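Structure first, then comments.
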Amino acid sequence: MPVGRPEITFGATLEAALAFAGVEVEGWMELAQDRVGWKQVIDGIWDVEQEIEVHEVLERRAGVV
């Protein structure tokens, strides 16, 4: 690994999060350029009726707790 390179990049983290949410990660960068289409993809994530356990620190940071 080159010196100074992060272990995981923002893009890799985003791809992992999209995959976890069930979003097709192939070509997400191109789709994200279309604001209306990307909003539909992101809004569709919350339509999934799935209980996901969120870490307490993330809840606090989001202001949920």
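Counting with our numbering, you get residues 260 to 324 for the letters of the sequence shown.
Backbone N, C-alpha and C fix where the C-beta goes; we use that ideal spot for every residue, glycine too.
Everything numeric in this text was worked out from a predicted model, so none of it was measured.
Residue i in three-state terms, based on DSSP
i, result
"T268", "coil"
"G302", "Strictly speaking, residue 302 in this sequence is Asp, with Gly absent from that position. D302: helix per DSSP, three-state reduction."
"V295", "helix"
"E315", "helix"
"E289", "helix"
"E274", "helix"
Between the CA atoms of residue j and residue i - distance to the nearest angstrom
i, j, result
"T272", "V295", "23 Å"
"E285", "E315", "31 Å"
"V324", "I304", "Unreliable positioning characterises V324 in this predicted model, as indicated by a pLDDT of 48, which lies under 50. The coordinate reading is nonetheless provided below. Distance between the alpha carbons of V324 and I304: 22 Å."
"G263", "F269", "15 Å"
"A276", "D293", "19 Å"
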